[in-house]
Every structure is written in C-alpha cells, then in structure tokens.
Amino acid sequence: DVKVTQSSRYLVKRTGEKVFLECVQDMDHENMFWYRQDPGLGLRLIYFSYDVKMKEKGDIPEGYSVSREKKERFSLILESASTNQTSMYLCATQFRGNQPQHFGDGTRLSIL
Amino acid sequence: DQQVKQNSPSLSVQEGRISILNCDYTNSMFDYFLWYKKYPAEGPTFLISISSIKDKNEDGRFTVFLNKSAKHLSLHIVPSQPGDSAVYFCAASDQAGTALIFGKGTTLSVSS
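Heads up: the protein sequence lines correspond to chains B and L, in order.
Position in the first sequence (first residue = 1) + 1 = the working numbering.
Position in the second sequence (first residue = 1) + 80 = the working numbering.
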C-alpha cells in the first residue's frame with residue numbers, strides 16, 4: 002500500500018508567519034502534488050512536482066512556494082501566512098502520468 | 081470557469097438500492113477520469129478510473145460509465161451500503177495524466 006505522510010494533522014499559526022507543510026511518501030513515486038480543499042470548492046491544485054527540484058504551478062499558486070530536494074519529500078511553504086489561507090491542505094503522490102493519485106490524510110491549517 | 085461539474089451537492093439512497101453519482105466536463109482534451117471517496121478528517125481514497133478509450137469500467141460494486149459525446153460520466157454503486165456514506169469527487173486529467181481537475185463533490189448518504 003502507498004503511504005503518504007503529512008507532518009501535522011492540525012496546525013495553528015499567526016498572520017505573517019512563514020509556514021512549512023511537509024509530505025513524505027515511501028513508494029518512489031515520480032509525481033507529488035499539493036491541493037487545498039475548501040467547503041463548496043472541492044480540491045484545487047496549488048503546485049506539483051514531477052522530479053526532484055522540478056515544480057509546476059497549479060491553479061492557485063499565489064502566496065505559496067514549494068520545495069522538492071529529495072524524491073520522497075515535497076514541502077509546501079506559505080511565505081507570509083494570511084487568514085484566507087486557512088484551509089485543509091492535502092498532499093498526493095502519483096507513480097507516473099495516467100495513474101491514480103494517492104492522498105495523505107491532510108493538514109487542517111488555521112491562520113489567526 | 082468550472083471544467084468538471086458535479087451538479088448535485090447531495091444524494092440520499094436506501095441501503096441495498098443503486099446510487100448514481102453524475103459528473104459533467106467541458107474540456108474535450110480530458111483523457112482520464114477518476115472517482116474518489118472522502119470521509120471527514122481523512123484524505124480522498126481512489127475508487128475507480130476510466131480512460132477515454134473505454135465507455136465502462138467495473139470494480140466490484142462500483143461501475144463507472146463514460147459518454148464522451150455528452151462529456152458525461154457517472155458512478156454506479158450497487159448495492160449501496162451505509163459505509164458508502166461519504167463525499168464523492170469526480171476528477172479528470174488531460175493526456176499527460178498528471179494534474180487532476182476535481183469537481184466540487186457530492187455527499188452521498190445511505191440509510192439503513
């Protein structure tokens with residue numbers, strides 16, 4: 002079974018803080034993704050990575066950056082957290098294109 | 081502009097009956113379609129997928145139908161069970177098969 006581990010289930014931060022969300026996978030998958038899920042909006046793609054040090058913007062990259070220094074780890078960074086970034090953040094991995102994505106259990110982030 | 085639409089926010093079904101969840105898409109470049117199930121406080125779980133070269137795919141109680149001319153897909157669950165109560169997301173990707181576009185989800189409630 003694919004295991005996708007997100008470092009925190011719940012996180013509370015303050016406006017203006019730099020926030021790091023970590024995701025680790027154990028299946029040597031090529032592709033990794035960060036989504037956010039908001040009520041009534043479904044899942045929206047923030048960034049994805051198809052290889053170490055490679056990244057592509059998704060639909061809503063503003064206010065976020067990512068880092069993939071090792072194949073198994075993909076980090077999402079909120080450079081200066083704002084209240085509108087309060088959300089559920091979901092990491093996913095994919096062996097390669099046209100394969101299902103596998104999700105972690107999510108991090109519920111609250112920005113106060 | 082929503083490229084993947086799930087027009088029914090909720091669906092209620094009795095145990096043992098058929099559940100039919102619907103999804104429409106607008107982008108004719110979409111080539112690969114998936115259904116995910118999500119329980120509260122967990123990440124989405126992959127259920128079933130279909131590529132555009134097929135019009136039907138079955139896995140146990142779950143069947144996905146694809147009508148390319150209508151740009152419509154549906155998920156049939158037979159028979160429905162109370163444990164199927166969850167939010168169901170439809171998703172699609174283009175030929176590269178990496179980034180997924182998700183619908184907003186349909187909440188299925190199966191009563192015993």
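Glycine included, every Cβ here is placed at the ideal spot set by N, Cα and C.
Based on Cα-Cα distance, which residue from the options lies nearest to residue i?
i	options	result
B/S50	B/I112, B/G107, B/R97	B/R97
L/H152	L/I130, L/F142, L/G140	L/I130
L/K148	L/F142, L/G140, L/V158, L/I133	L/I133
B/G105	B/T84, B/G17, B/Q38	B/Q38
B/L110	B/K4, B/R69, B/V20	B/V20
B/T84	B/Q26, B/T6, B/Q7, B/E18	B/E18
B/Q102	L/K117, L/S88, L/N102	L/K117
L/A150	L/N107, L/G183, L/R97	L/N107
L/D174	L/K85, L/I100, L/F113	L/F113
B/L22	B/M28, B/V13, B/D29, B/H30	B/V13
L/I98	L/G185, L/K184, L/D164	L/D164
Beta-carbon within less than 8 Å of residue i's beta-carbon, same chain only, minus the 5 sequence neighbours each way: which residues are those?
i	result
B/R15	A82, I112, L113
L/S191	S92, V93, Q94, E95, P162
Cutting at 7 Å between CB atoms, please list the residues of its own chain near residue i, excluding the five before and the five after it.
i	result
B/R114	Nothing can be reported for residue 114 of chain B, as the shown portion of chain B is limited to 2 through 113.
Since residue i contacts residue j with CB under 8 Å, what's their CB separation in whole angstroms?
i	j	result
L/S189	L/S92	5 Å
B/E80	B/S68	Not a contact, Cβ separation roughly 12 Å.
B/G26	B/V5	Checking the sequence, you will find Gln at residue 26 of chain B rather than Gly. Confirmed, about 5 Å.
L/Y105	L/A166	That pair is no contact at about 22 Å.
L/I128	L/F145	Actually they do not touch by this definition, with Cβ atoms about 11 Å apart.
L/P124	L/F169	6 Å
Chain L partners of residue i, CB-CB under 9 Å?
i	result
B/Y51	T178
B/L46	A179, L180, I181, F182
B/G98	Y112, S173, Q175, A176, G177, T178
Kindly list, in the order they appear in chain L, the residues whose Cβ is closer than 7 Å to that of residue i.
i	result
B/F104	G123, P124
If the cut is a Cβ gap below 8 Å, which residues of chain L does residue i touch?
i	result
B/L42	K184
B/Q95	T178
List the residues of chain B that residue i touches, going by C-beta distances under 7 Å, in chain order.
i	result
L/L114	P101
L/S108	What L/S108 touches in chain B: nothing, since even the nearest Cβ is about 17 Å away.
Which chain B residues are close to residue i, counting only those with a beta carbon under 9 Å from its beta carbon?
i	result
L/F169	G43, L44
For residue i, I'd like the list of residues in its chain whose CB is within less than 6 Å of its CB, leaving aside the five on either flank, ordered along the chain.
i	result
L/T187	S90, V167
L/I181	Q83, V84, A172
Can you name the residues of chain B whose CB is closer than 8 Å to the CB of residue i?
i	result
L/S129	P101
By the 7 Å beta-carbon criterion, what residues does the segment 72-92 of chain B contribute toward chain A? The structure shown has no chain A; the protein chains it does contain are B and L.
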